[in-house]
Amino acid sequence: MAGSNPNAKPMDLTLKVWRQKDKNATGQMVTYPIKGISPDMSFLEMLDVLNEDLLRKGEDPVAFDHDCREGICGMCSLFINGRPHGPERGTTTCQLHMRHFKDGDTITIEPWRAAAFPVHKDLVVDRSAFDRIQQAGGYVSVNTGGVPDANAIPIPKSIADKAFDAATCIGCGACVAACKNASAMLFVSAKVSQLAMLPQGKTERKTRVENMVAQMDIEGFGACTNTGACAAECPVGISLENINMLRSEFIYAKATSENM
Amino acid sequence: MILDSKLPEGPLAEKWDKHKFDVKLVNPANKRKYDIIVVGTGLAGASAAASFGELGYNVKAFCFQDSPRRAHSIAAQGGINAAKNYQNDGDSVFRLFYDTIKGGDYRAREANVYRLAQVSVNIIDQCVAQGVPFAREYGGLLANRSFGGAQVSRTFYARGQTGQQLLLGAYSALNRQIAYGKVKMYPRTEMLDLVLVDGKARGIVVRNLITGKIESHSAHAVVLATGGYGNVFYLSTNAMGSNATAAWRAHKKGALFANPCFTQIHPTCIPVSGDYQSKLTLMSESLRNDGRVWVPKTVEIAERLRRGEITVNDIAEADRDYYLERKYPAFGNLVPRDVASRNAKLVCDEGRGVGASGLAVYLDFADAIKRDGQAAIAAKYGNLFEMYAKITDENPYERPMRIYPAVHYTMGGLWVDYNLMTNVPGLYAAGEANFSDHGANRLGASALMQGLADGYFVLPYTIGDYLAKTPYDKVPVDHPAFKEAEQNVISVNNKLLSINGNRTVDDFHKALGQIMWEYCGMARNAEGLQFAKQEIRKLRDEFWRDVKVVGVNEELNITLEKANRVADFLELGELMVDDALNRNESCGGHFREEYQTPENEALRDDENYAYVAAWEFTGVGNEPRLHKEDLKFENVKLTQRSYK
Ligand SMILES: Cc1cc2nc3c(=O)[nH]c(=O)nc-3n(C[C@H](O)[C@H](O)[C@H](O)COP(=O)(O)OP(=O)(O)OC[C@H]3O[C@@H](n4cnc5c(N)ncnc54)[C@H](O)[C@@H]3O)c2cc1C
Ligand code: SF4
Ligand code: FES
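As they're listed, the protein sequences go chains H and V. Take the first sequence: its position 94, counting from 1, is numbered 146 in this note's numbering, and each next residue is one higher. Take the second sequence: its position 195, counting from 1, is numbered 669 in this note's numbering, and each next residue is one higher.
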């Protein structure tokens, strides 16, 4: 079947892929030539082709995380040619297409590198630290049932929209991978700001920011030094404003919280 | 076996309240003596697990992704229905009930659907309280849109990312219970068997996907919220990992599988571009509010287009056939999904399809852009247009989108009674994994509603009724039933690893998908289905002789994971074919070519087929046993669906 661009020529590429047997093994880059890649393929479909080749030869396929392949679940990762999610701005690895590469290219593919994201195998890393940060306070404490009517609290559209923007974080970890200190500030700030902006989240805003930041430190993420590399690489455009908001929330909490 | 749906007595509108009063309650102090396993933490599972935790039960929850936040629910775009009637446009619980029953082509239970419509209003309240940022009007109140052909605006949405926001809401509630220690979460853990003790569901066997370790977990009740089985077709809009394994293995342990052939093919997806294609991307149905669907009027023009002699913009207005508007003047481009999909297939079968493959139709925004301006269209659909451009490298502002139907949702699933319990005592199924509320066709924005209804508002009541009658005693995981199930899982894995054949798992999966799509897809007929049954059997035999799975069990082994799932799809596929063969009528997503009206519409046979087909497993390769649950309609009149 022909693709959307019937003139697109297949490409031959050289892949340099990080292979690591398990958490405790030392890994290394392994080179794989790959042929006949259609520009209409997605990056992960290109890796599928590689894996089918490896399997047919009886070799272990390259493990990588992925699920939705629509840019929304945040499961895919990959540090491609030195950039999280590859060269296209505002694009997750699964939404990156091979038309952004050219015949003869060499592509390096590595896992996220951060002390708080240990490698499980090959390109698969352990991001459970993110879940633990959310468990520390990324919620509004309401039980099921017994809540007011949804229209009981009007929320100005501008605030609802801003809260939505912060809420779109897909939890992929690219911000951490992009940061020279492996800081998780952008990720944490997205949830803190979303809930700080909304009336529902205001009651717990002080303890929330304190507990989430404390957990972030426990997990071993680095300090934020405002380089902005995170926001530049974030596939969904989470903005640095959220980090500013987290900072002011944090200072306010420290000054007044009963948790001090 | 007699299927008892346990429908409460009394008038439709009072059944659920009456039932809630009649069910047994577990004393608050005793709830901590009960353990519940929840497999799956998408909308249905996360909401159930969080609610159980809040009530005081001990919960263990499982998912195969690295975090519950990544369940397939995250990908839902369009919205969630609720009978809030905030727009004062005539909506009501009864209207939502009626639309859902009719949309499902009268193959769902009245009482279940009515309850769904009733609790739909509570879902929105709950989500807003959690901080879910739904779209709002300038006055600060919640915004609604009309979706999927509904005549009222009852769909709540969060831009094109409603599933994401709802799931993150349920995930936050789940996280809170994890932090309190009421829920223990097991990510990257896959259920591979159900354990029965004295005929009751008492636990599961899982594989740790990082270490390969096979482990048992025991509980007083097990909830499966493991999603749909659309990936039996290989290509679908489902996430890559979506699978039927948990439900299927429960089926093999005795749980009946209902209406497996009821699959939904979504009309607006980006067409296949090559053999390497791994999944299909949905373009939200909301696009049909402004986009016009058409193909060239004649085969000859379509052929010239496909050969590249002309481009789409060369086709004169008079040479375009807006076939949905022509055939269905009342609903036009907004006909239900099954109707839109079937008509796309019809025009492509006639040879009027577009795109290089001829398997696509146009969805054109030119008129909408002319009418409302590009900015207005961008504000509504910007992210979808961008997604389309990213995938196809074409600009939908300048030329129409190419779309084609793709497998999207499975209405069939584990048979459950009104309490969402399967026929296996103590085993429940929720969300897309059960068959309950959508009949033969699901309406847009109703799956999110059902998943959250099941998890937040139905199971917390009904599971208590069962537990209240269950002794506190726990079954230790060294009980012979657990050991036997573990052995079974280990031997299947060993078998898969030892075949060392020539064909890859994906190869088999693709071959199965082709059979299913060709013969058990948008249109089916007896001859094709019989052929498909034989082909699936052959393929399954070949799989167990010639599949290639490398590596060992004791590691992160992506091939072994997939092999288990595909092995189950190869059995489920045959059951789907059996079910489609059995149902000698057309209804909703199930279109048997032999049964159609002169205008090619689905021809139901209410006299003989107004029943749920619930299948019992009798061994691989044996004919399954059919159990019928008759559907009674007391509050709606069965009519032929007409969207003209
Ligand atoms: C692209 C797309 C868009 C959609 N848009 C809409 C929409 O706008 N409105 C709407 O109402 N519906 C929509 N739907 C349908 C809807 O999203 C799904 O039906 C619904 O989210 C299913 O939720 P669930 O909780 O039942 O299952 P899922 O979200 O699929 O979750 C399944 C869970 O089970 C786990 N699991 C599965 N198997 C196992 C196993 N063996 N062991 C352990 N864990 C397991 C998974 O890890 C996951 O946590 C859409 C679907 C798609 C594909
Ligand atoms: S902030 Fe952006 S980069 Fe970081 S986890 Fe969220 S979506 Fe990914
Ligand atoms: S696979 Fe889901 S975001 Fe990439």
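Ideal Cβ placement from N, Cα and C applies to all residues, glycine included. Predicted model, so just to flag it, every value in this text is computed and none were measured.
Item to complete: Flag V/Arg506 as yes if its beta-carbon sits less than 9 Å from any beta-carbon of chain H, otherwise no.
Response: no
Rounded to the nearest angstrom, how far is the Cβ of V/Ser831 from that of V/Val746, given a contact under 8 Å?
7 Å
Practice prompt. Please find out if some non-hydrogen atom of ligand 3 comes closer than 8 Å to the beta-carbon of V/Ile865.
Written response: no
Which same chain residues end up closer than 7 Å to V/Gly806 when comparing Cβ atoms and leaving out the 5 residues on each side of it in sequence?
Leu798, Glu799
Original post:
Do the segment 706-719 of chain V and the segment 845-856 of chain V touch if we need at least three Cβ pairs shorter than 8 Å?
Top reply: no
- Query: Should V/Gly1095 go down as buried or exposed, given a rule of 16 or more other Cβ atoms within 10 Å for buried?
  - Reply: exposed
- Query: How is the beta strand (DSSP E) around V/Ala903 delimited, first residue to last?
  - Reply: 901-903
* Asked: Is the beta carbon of H/Ile132 within less than 8 Å of some heavy atom of ligand 2?
  -> no
Give a yes or no on whether the minimum CB-CB distance between H/Thr279 and chain V is below 9 Å.
no
Problem set entry | Short CB-CB distance (under 9 Å) between H/Thr143 and chain V | yes
Q) Is the shortest distance between the beta-carbon of V/Ile598 and the beta-carbons of chain H less than 9 Å? A) yes
To the nearest angstrom, report how far apart H/Cys125 and V/Leu570 are at their CA atoms. 30 Å
- Query: Any Cβ of chain H within less than 9 Å of the Cβ of V/Asn649?
  - Reply: yes
Three CB pairs or more closer than 8 Å across the segment 506-515 of chain V and the segment 694-705 of chain V
yes
Per DSSP, what kind of secondary structure is V/Met895 in: helix, strand or coil? strand
request  = Mind listing the chain H neighbours of V/Lys864? Cutoff is C-beta to C-beta under 9 Å, in chain order.
outcome  = Gly123, Glu140, Thr143, Gln147, Leu148, His149
Listed from N- to C-terminal order along the chain, which residues in the segment 209-235 of chain H have their beta-carbon within a distance smaller than 7 Å of any beta-carbon of chain V? Lys209, Ala212, Ala215, Phe216, Ala219, Thr220, Gly223
(message) Quick check: does the Cβ of V/Ile736 come within less than 8 Å of any heavy atom belonging to ligand 1?
(response) In the sequence as presented, Ile is not what sits at residue 736 of chain V; that position holds Phe. No, the Cβ of V/Phe736 stays beyond 8 Å of every heavy atom of ligand 1.
Is it the case that the Cβ atoms of V/Glu528 and H/Thr196 are separated by a distance below 9 Å? yes
Does the distance from the C-beta atom of V/Leu648 to that of V/Cys601 stay below 9 Å? no
Report task. In angstroms with no decimal places, state the Cα-to-Cα distance between V/Val786 and V/Leu837. Result -> 12 Å
Identify the contact partners of H/Thr196 in chain V, using a Cβ-Cβ distance below 8 Å as the criterion.
Ser521, Ala524, Ser525, Glu528, Gln600, Ala647, Tyr930, Phe931, Pro934
Handout entry: Backbone CA spacing between H/Asp201 and V/Gly929 [nearest angstrom]
Key = 19 Å
request  = Measuring alpha carbon to alpha carbon, tell me which of V/Ala880, V/Met757, V/Val932, V/Glu664 ends up nearest V/Gly905.
outcome  = V/Val932
Worksheet entry | Classification of V/Arg781 by the beta-carbon crowding that lies within 10 angstroms, buried from 16 upward | exposed
Ligand 2 heavy atoms versus the CB of H/Ile290: any closer than 8 Å? yes
Taking 8 Å as the cut-off, is the CB of V/Ala632 close to at least one heavy atom of ligand 2? no
Let me confirm a value: V/Lys753 is counted as buried when at least 16 other C-beta atoms fall within 10 Å, else exposed. Which label applies?
buried
Is the beta carbon of V/Tyr580 closer than 9 Å to that of V/Leu1100? no
- request: Count the other CB atoms, across all protein chains shown, that sit within 10 Å of the CB of V/Arg676; report buried if there are 16 or more and exposed otherwise.
  value: buried
For this session: Output yes if chain H places a C-beta closer than 9 Å to the C-beta of V/Asp540; else output no.
Result: yes
ask   = Mind checking if H/Gln252 is an interface residue toward chain V, Cβ cutoff 9 Å exclusive?
value = yes
Would you say the beta carbon of V/Thr755 is closer than 8 Å to some non-hydrogen atom of ligand 3? no
Own chain, CB closer than 7 Å to H/Gln267, minus 5 neighbours either side, in chain order
Arg184, Ile185, Ala188
Got a sec, what are the start and stop residues for the beta strand (DSSP E) V/Phe1091 sits in?
Note, V/Phe1091: premise wrong, no beta strand (DSSP E); not H, not E.
Which bits of chain V does H/Arg257 rub up against, with CB to CB less than 7 Å? None at all; the shortest Cβ gap to chain V is about 11 Å.
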